[in-house]
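These protein sequences, in sequence, are chains A and B.
Counting from 25, one number per residue, gives the positions in the first sequence under my numbering.
Counting from 2, one number per residue, gives the positions in the second sequence under my numbering.
Here's the structure, in structure tokens; my notes come after.
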Amino acid sequence: MTLRIVSLCLFFSVQNLLCLWAQSPLAQTVDFTCINCLPADALVQLSRVSGVTIAFSDRFFEQCPPVTIRANGEPIKRVLELVSGCSKVAFKQVGNQIVFYRRVQKRTLSGFVEDAETGERLIGASIKVLTEDNVGVSSNEFGFFSVKLPEGDHSLLGTYVGYRPERMEVSINTDRIIHVKLTTNTKLQEVVIPAYSAQEEKDRKSGSPTYLNMNALRKIPMPGGETDLLRLAALEPGIQTGTDGLGGLHVRGGNADQNLFLLDDVPVYSPSHALGLFSIFNPAMVSSVRLWKGDFPARYGGRASSVLDVRTREGNMNRYKAQVSTGLFASSAVVEGPIVKGKGSFLLGGRFTYFEPWVQFFSSKGNLLTFSGDAVRYKFYDSNLKLNYTLSDKDRLYGSIYYGGDLFKNNFGQAYSDVKGYITDRSVLATDWGNSIAALRWNHLMRENLFTNTTLRYSRFFYQSRLGFSSDILYPDGKTFQLSNYGQLYQTLIRDWSWKTDFTFYVSKSLTLRWGVAYTTHNFQPGALSANFLQSGQFQGNVDSLASILLNNEQLNAVEAEAYCDAEWDLAPHLRLEAGVHGSVFQVKSANYRVAQPRLRLRYSGEKGWSEWLGFHKTAQNLHQIGTFNISLPFELWVPSTRKVPPEKVWQLSAGAGFKHPKWRFQAELYDKKFERVLTFISAGDALFTGGAVDASGWEDRIAIGTGKSRGLEIMVEKTAGKTTGSLVYTLASSNRRFADINSGRTFPLRYDRTHDLKLCLHRHIFKWLEADLVWGIATGNPITLTGVKFRHESVEGEVEREVFFYTEVNGYRLPNYHRLDLALNGRFNTGRIAHEIQLGVYNAYNRANPFYLYVDAGSRIKGNAIQFTLLPLLPVFRYEIKF
Amino acid sequence: MRTFLLLPLCMAFLLFARCAREVIIDLPEVAPKIVAVCHFTEGQHFRANITLSQPVNVGDDPDQPDAVDATLAINGAFYDVLYRVKGEGNTYYWRSHQQKLAQTGVDYSFVVRVPGYPTVQATSRIPLHQPIDPVVIKAGDVVVESLPDGSKELRIPLELRLNQLPASERYFAFNLTHDTEVYESFSPPVLDYSKEQLPTNFLADGRTISLLHNIPEPVVLIDEKYWADDRRALYLIARIPYNPQTDRPRRMYITWRTLSKEFYRYHLSLSRQGANLPLNEPDAVFNNMAGGLGNFSGYSVRIDTVDIPGF
Numbered sequence: 025m026t027l028r029i030v031s032l033c034l035f036f037s038v039q040n041l042l043c044l045w046a047q048s049p050l051a052q053t054v055d056f057t058c059i060n061c062l063p064a065d066a067l068v069q070l071s072r073v074s075g076v077t078i079a080f081s082d083r084f085f086e087q088c089p090p091v092t093i094r095a096n097g098e099p100i101k102r103v104l105e106l107v108s109g110c111s112k113v114a115f116k117q118v119g120n121q122i123v124f125y126r127r128v129q130k131r132t133l134s135g136f137v138e139d140a141e142t143g144e145r146l147i148g149a150s151i152k153v154l155t156e157d158n159v160g161v162s163s164n165e166f167g168f169f170s171v172k173l174p175e176g177d178h179s180l181l182g183t184y185v186g187y188r189p190e191r192m193e194v195s196i197n198t199d200r201i202i203h204v205k206l207t208t209n210t211k212l213q214e215v216v217i218p219a220y221s222a223q224e225e226k227d228r229k230s231g232s233p234t235y236l237n238m239n240a241l242r243k244i245p246m247p248g249g250e251t252d253l254l255r256l257a258a259l260e261p262g263i264q265t266g267t268d269g270l271g272g273l274h275v276r277g278g279n280a281d282q283n284l285f286l287l288d289d290v291p292v293y294s295p296s297h298a299l300g301l302f303s304i305f306n307p308a309m310v311s312s313v314r315l316w317k318g319d320f321p322a323r324y325g326g327r328a329s330s331v332l333d334v335r336t337r338e339g340n341m342n343r344y345k346a347q348v349s350t351g352l353f354a355s356s357a358v359v360e361g362p363i364v365k366g367k368g369s370f371l372l373g374g375r376f377t378y379f380e381p382w383v384q385f386f387s388s389k390g391n392l393l394t395f396s397g398d399a400v401r402y403k404f405y406d407s408n409l410k411l412n413y414t415l416s417d418k419d420r421l422y423g424s425i426y427y428g429g430d431l432f433k434n435n436f437g438q439a440y441s442d443v444k445g446y447i448t449d450r451s452v453l454a455t456d457w458g459n460s461i462a463a464l465r466w467n468h469l470m471r472e473n474l475f476t477n478t479t480l481r482y483s484r485f486f487y488q489s490r491l492g493f494s495s496d497i498l499y500p501d502g503k504t505f506q507l508s509n510y511g512q513l514y515q516t517l518i519r520d521w522s523w524k525t526d527f528t529f530y531v532s533k534s535l536t537l538r539w540g541v542a543y544t545t546h547n548f549q550p551g552a553l554s555a556n557f558l559q560s561g562q563f564q565g566n567v568d569s570l571a572s573i574l575l576n577n578e579q580l581n582a583v584e585a586e587a588y589c590d591a592e593w594d595l596a597p598h599l600r601l602e603a604g605v606h607g608s609v610f611q612v613k614s615a616n617y618r619v620a621q622p623r624l625r626l627r628y629s630g631e632k633g634w635s636e637w638l639g640f641h642k643t644a645q646n647l648h649q650i651g652t653f654n655i656s657l658p659f660e661l662w663v664p665s666t667r668k669v670p671p672e673k674v675w676q677l678s679a680g681a682g683f684k685h686p687k688w689r690f691q692a693e694l695y696d697k698k699f700e701r702v703l704t705f706i707s708a709g710d711a712l713f714t715g716g717a718v719d720a721s722g723w724e725d726r727i728a729i730g731t732g733k734s735r736g737l738e739i740m741v742e743k744t745a746g747k748t749t750g751s752l753v754y755t756l757a758s759s760n761r762r763f764a765d766i767n768s769g770r771t772f773p774l775r776y777d778r779t780h781d782l783k784l785c786l787h788r789h790i791f792k793w794l795e796a797d798l799v800w801g802i803a804t805g806n807p808i809t810l811t812g813v814k815f816r817h818e819s820v821e822g823e824v825e826r827e828v829f830f831y832t833e834v835n836g837y838r839l840p841n842y843h844r845l846d847l848a849l850n851g852r853f854n855t856g857r858i859a860h861e862i863q864l865g866v867y868n869a870y871n872r873a874n875p876f877y878l879y880v881d882a883g884s885r886i887k888g889n890a891i892q893f894t895l896l897p898l899l900p901v902f903r904y905e906i907k908f
Numbered sequence: 002m003r004t005f006l007l008l009p010l011c012m013a014f015l016l017f018a019r020c021a022r023e024v025i026i027d028l029p030e031v032a033p034k035i036v037a038v039c040h041f042t043e044g045q046h047f048r049a050n051i052t053l054s055q056p057v058n059v060g061d062d063p064d065q066p067d068a069v070d071a072t073l074a075i076n077g078a079f080y081d082v083l084y085r086v087k088g089e090g091n092t093y094y095w096r097s098h099q100q101k102l103a104q105t106g107v108d109y110s111f112v113v114r115v116p117g118y119p120t121v122q123a124t125s126r127i128p129l130h131q132p133i134d135p136v137v138i139k140a141g142d143v144v145v146e147s148l149p150d151g152s153k154e155l156r157i158p159l160e161l162r163l164n165q166l167p168a169s170e171r172y173f174a175f176n177l178t179h180d181t182e183v184y185e186s187f188s189p190p191v192l193d194y195s196k197e198q199l200p201t202n203f204l205a206d207g208r209t210i211s212l213l214h215n216i217p218e219p220v221v222l223i224d225e226k227y228w229a230d231d232r233r234a235l236y237l238i239a240r241i242p243y244n245p246q247t248d249r250p251r252r253m254y255i256t257w258r259t260l261s262k263e264f265y266r267y268h269l270s271l272s273r274q275g276a277n278l279p280l281n282e283p284d285a286v287f288n289n290m291a292g293g294l295g296n297f298s299g300y301s302v303r304i305d306t307v308d309i310p311g312f
């Protein structure tokens with residue numbers, strides 16, 4: 025019965041449609057003959073014969089020859105096609121009329137935005153089509169843009185922050201590739217122009233990503249005058265660090281290892297020097313930095329909390345230039361120039377430190393850096409090389425290398441008389457760690473609107489620590505004897521080779537598709553600590569013999585295949601959808617993990633400066649840096665997911681709103697983040713001293729798997745134009761963790777949880793040549809686990825006893841609030857062709873003793889007190905830089 | 002110009018400013034609590050150390066309360082009252098009476114009352130012993146290593162295999178000791194004296210070592226994660242150094258404890274404490290003494306003796 029009713033409905037529907045079609049003027053049949061008629065005349069005659077009004081312009085058929093038409097009972101539509109076939113016109117029914125209109129052919133205009141002087145391609149530059157309403161595009165990571173436009177003459181306006189707007193006329197009759205060359209605005213301006221490019225403006229409306237302001241980077245005061253990207257990133261809302269940067273970045277309650285640091289698209293495993301005080305990114309090499317706080321697009325994967333995408337400059341294609349910078353802690357130099365003029369360039373940079381006087385100074389005060397304070401040596405270094413060569417308009421090759429590391433050595437020696445003889449104690453602690461990174465990239469334009477980028481990547485991080493202690497006695501009779509010999513060796517290594525291809529397809533002015541694949545082989549050597557305490561007459565296991573243990577250490581090989589698809593779609597004039605999915609397959613030993621990560625972001629940009637957005641992102645990571653739950657240091661072990669160590673997964677829901685005024689900007693965002701799986705390392709250092717390890721396996725069984733939650737509100741008010749600019753950033757947040765194996769299974773706060781965090785940055789143009797900068801921050805103190813009580817445990821027969829320190833809940837005590845003021849004056853002037861920049865200032869201007877940690881010293885016998893250690897007191901800021 | 006002259010002067014001053022310091026912070030005073038630590042095993046008396054907790058910075062021995070009422074109950078019914086016994090120095094401990102020995106499978110409750118302090122109480126039992134198979138040392142497996150100072154070291158592979166792996170509560174501990182006889186001469190053999198119950202060091206693979214914990218008891222705690230994947234045996238290489246001119250290692254003692262959950266969790270949490278060093282990552286101490294601090298827990302123990310072949 026139902027089938028009959030449906031069939032009947034279908035029958036009537038089809039019949040109605042046919043009736044409507046039959047009544048359409050286009051479907052009306054006509055007998056029409058016209059021999060050697062001009063198309064315009066033919067249309068007039070047809071209108072007369074059929075009685076249907078046909079609207080057209082004579083100009084549509086100016087180029088057409090006469091036509092001959094013989095139609096007997098043909099539909100009008102067919103006749104019209106025959107008449108107008110010679111011209112690029114189309115027709116449609118409007119009411120009872122038939123209207124002709126010019127058929128517009130769309131063509132693809134694509135190209136590269138470049139610096140006119142250096143030839144460097146500009147990332148995020150804006151190309152606005154003045155002849156079309158609401159049409160504009162931005163250049164991608166490689167300076168490429170593509171837009172579909174109607175055939176004809178168009179007027180384009182290219183803009184980029186710090187460059188003069190460039191207007192150019194383009195005639196488009198076919199798909200075209202152009203080079204938009206912009207000239208730097210060298211004129212010193214007294215009134216500050218907005219500090220963001222068009223793409224930044226667009227992205228800032230949606231709250232993501234954040235573009236780190238490279239102009240601000242050079243101006244804000246930092247310890248010793250050493251400009252640092254990560255410190256700048258830490259001024260953004262929702263980003264925490266440990267005290268004075270130590271402990272890495274913690275984005276919206278994430279762990280330090282959950283940040284993906286990319287240097288020219290290559291993952292960096294240890295992005296900092298000096299335990300996190302300075303980053304490895306030489307600012308003189310950097311072109312742009314983008315930061316996503318968990319809401320990153322599907323093209324990024326491998327980490328769960330954030331992405332910091334650092335792109336280096338390309339180098340001057342036309343002339344040789346150099347830049348030398350010196351500060352209190354380090355000096356750097358960058359040279360650049362053409363390999364083949366106009367075709368290829370190089371950029372070579374290096375940075376080295378002269379920390380030792382400072383470390384000696386710190387160590388003489390018994391600071392954390394040294395503990396013992398004897399014969400301490402520390403330095404770090406960076407070197408970068410980038411090459412690029414233009415093969416053709418459609419092909420370009422890039423090569424880049426980074427090599428850098430840290431070296432720390434502490435020698436200690438003492439000699440004293442004993443009743444038995446003369447005893448000499450010696451100890452040495454030598455550690456070194458660093459990154460090696462290389463990339464070979466090929467940009468290729470497959471079609472005018474299809475851009476591809478293929479990269480071969482290499483990234484290696486290593487850490488090695490050697491600790492040795494020996495004690496010898498010299499007897500009165502001249503004989504010597506070794507009393508003890510202690511050796512400890514710790515090595516860890518991760519090495520990646522990967523290949524990645526990305527496609528960007530500019531489908532239309534409202535839709536851009538990106539997709540890509542990547543394949544990575546990871547090689548891990550998760551060398552755990554190996555140690556032996558040796559007394560005379562026992563097994564001799566000094567540092568050298570321990571090296572053989574680590575040589576036999578388990579090496580893990582893993583492969584990871586990734587694919588993604590990402591769409592940026594303007595659903596309506598003010599409504600934009602960014603949706604994608606990132607999938608990964610990770611295989612190590614017998615474990616195989618497949619994770620699909622959907623990413624979704626919807627943005628509405630109102631006309632009066634308001635915008636709102638909503639995001640939902642799932643992220644996952646298969647690599648883990650197994651730090652402890654209390655403090656994370658940059659050189660901790662990187663390990664893969666294994667059968668016992670599953671991937672970490674994070675879900676983030678965020679919603680925000682922003683308002684943009686020509687001189688002001690306001691933004692507020694709420695987020696709720698669920699750490700479905702988070703890892704930490706359970707320390708049990710004493711386990712190693714009960715015997716001796718014959719290899720360094722076992723790390724998997726010391727990992728605790730837990731969950732976490734983080735939620736917060738981020739508010740930012742920013743003044744973007746005028747003589748005084750700056751931002752006020754406030755974050756209200758809460759982050760916690762829960763592990764069955766820790767704190768008796770109870771939830772505890774994350775070590776880097778700060779309930780309130782307020783940051784103020786101000787920048788003032790005083791004169792044309794002088795600017796002043798101020799940074800002030802105040803935040804709730806970090807939680808810490810503290811003891812105030814102890815008791816004694818004694819075994820039944822009294823063989824063993826130990827003082828038991830009864831601690832608070834894990835991270836159950838809050839350190840005092842953190843606050844700090846930094847001030848700097850930035851001057852610049854030119855002498856001939858040399859540009860000078862000088863920065864003078866103070867870091868921690870009122871010498872706030874911010875707590876790095878509290879320590880209740882059981883030996884101090886000071887009742888009820890704890891000792892607070894401070895890392896960075898008031899420090900001078902000085903940097904002098906020349907460019908020529 | 003004056004500004005430019007002042008700036009270097011300021012910087013020079015800053016360079017010589019003190020860069021790191023220790024700041025004393027007042028912590029809230031924590032009132033002392035009763036601390037009772039009592040581990041008990043089958044056929045032994047209950048013996049408890051009862052002290053008062055003290056601030057961390059105090060270096061003296063912990064105070065022991067005078068008027069202590071320490072009682073034991075079985076299933077809520079009174080069992081014994083512990084009496085005070087003088088220990089070494091000025092210390093005391095509390096012990097059960099002559100016939101009141103601990104038994105397996107019985108739930109004991111321990112209550113300590115001290116005037117002026119909250120009552121402290123806890124419950125535990127001695128778990129059913131999970132034995133290991135008899136350990137066999139094969140002469141062919143024993144390796145003798147020469148040490149640089151002329152002495153030797155025996156390397157003895159040991160397999161401590163659980164007779165039956167329990168489905169849950171895999172809480173165990175072990176200890177290795179050995180006897181070495183010291184001779185005046187070997188031909189004819191003239192025994193000088195015996196060194197008994199010497200602690201025996203051992204080697205193991207990294208995984209095993211990382212899952213063994215040194216605790217303030219004469220045993221090594223085995224992390225329950227060790228028994229994952231239905232692993233039933235612990236593989237160790239005992240290391241016994243000796244002087245070949247005078248010494249003969251004779252036998253080994255293998256202590257095997259099956260632990261109650263309270264014993265295991267308390268000692269596992271102690272092993273994660275470190276030693277109150279700066280920057281350590283302490284875990285909260287497991288505490289089952291409601292109203293106070295400490296631990297009341299049972300365990301069962303067996304000791305196997307194995308002769309060392311070849312001597």
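Glycine residues also receive a C-beta, built at the ideal position from the N, C-alpha and C atoms.
In this text, all values refer to a predicted model and were calculated from it rather than measured experimentally.
Distance cutoff 9 Å, beta carbons only. Does Ser179/A sit that close to anything in chain B?
Ser179/A does not count as touching chain B.
Does the segment 134 to 148 of chain B come close enough to the segment 94 to 112 of chain B to have 3 or more Cβ pairs within less than 8 Å?
Not touching, per the Cβ criterion.
By Cβ distance, which residues of its chain are closer than 6 Å to Leu638/A, with the 5 residues on each side in sequence left out?
Apart from the 5 residues on each side of it in sequence, Leu638/A sits with its Cβ closer than 6 Å to the Cβ of Leu626, Ala679 in its chain, given in chain order.
Closer than 8 Å between beta carbons: that is the criterion. Which residues of the segment 801 to 821 of chain A meet it against chain B?
Look at the segment 801 to 821 of chain A: the residues with a C-beta under 8 Å from a C-beta of chain B are Thr809, Leu810, Thr811, Gly812, Val813, Lys814, Phe815, Arg816, His817, Glu818, Ser819, Val820, Glu821.
In chain B, which residues lie less than 7 Å from Ser768/A when you measure between Cβ atoms?
Contact note: Ser768/A reaches chain B through Ala285, Phe287, using a C-beta cutoff of 7 Å and chain order.
Distance check for Gln649/A and Asn237/A, CA to CA, integer angstroms please.
Near 29 Å, if we compare the C-alpha coordinates of Gln649/A and Asn237/A.
Looking at the C-beta of Glu160/B, does it have a partner C-beta in chain A at a distance below 9 Å?
It does not: the Cβ of Glu160/B has no partner Cβ on chain A nearer than 9 Å.
Step through the CB atoms of chain A and report whether any lies within less than 9 Å of the CB of Lys226/B.
Closer than 9 Å to some Cβ of chain A, the Cβ of Lys226/B qualifies, so yes.
Quick check: the Cα distance between Ile518/A and Gly262/A, rounded to an integer number of angstroms?
Whole-angstrom Cα-Cα distance: 29 Å.
Short of 6 Å in beta carbon distance, which residues of its chain neighbour Asp594/A, apart from the five on each side in sequence? Order them along the chain.
The beta carbon of Asp594/A lies closer than 6 Å to those of Ser534, Arg600 in the same chain, with the five residues before and after it left out.
Candidates Asn76/B, Ser211/B, Gln246/B, Pro242/B: closest to Ser188/B by CA position:
Closest by alpha carbon: Gln246/B.
Quick check on DSSP: helix, strand or coil for Pro190/B?
Here Pro190/B sits in strand by DSSP.
Cα-Cα separation between Ala280/A and Val185/A, rounded to whole angstroms
Each residue's alpha carbon lies about 32 Å from the other.
Can you pull out the residues from the segment 821 to 838 of chain A whose beta carbon lies closer than 9 Å to at least one beta carbon of chain B?
In summary, the residues of the segment 821 to 838 of chain A whose CB is separated from some CB of chain B by less than 9 Å are Glu821, Gly822, Glu823, Val824, Glu825, Arg826, Glu827, Val828, Phe829, Phe830, Tyr831, Thr832, Glu833, Val834, Gly836, Tyr837, in the order they occur in the chain.
For Thr52/B, which residues in chain A fall below 8 Å Cβ to Cβ?
Residues of chain A passing the Cβ test: Phe815, Arg816.
Taking the CB atoms as reference points, tell me whether Pro245/A and Arg314/A lie closer together than 9 Å.
No, these two residues do not count as a Cβ contact at 9 Å.
Residues that Ile808/A bridges to, as DSSP identifies them:
Beta-bridge partners assigned by DSSP to Ile808/A: Tyr837/A.
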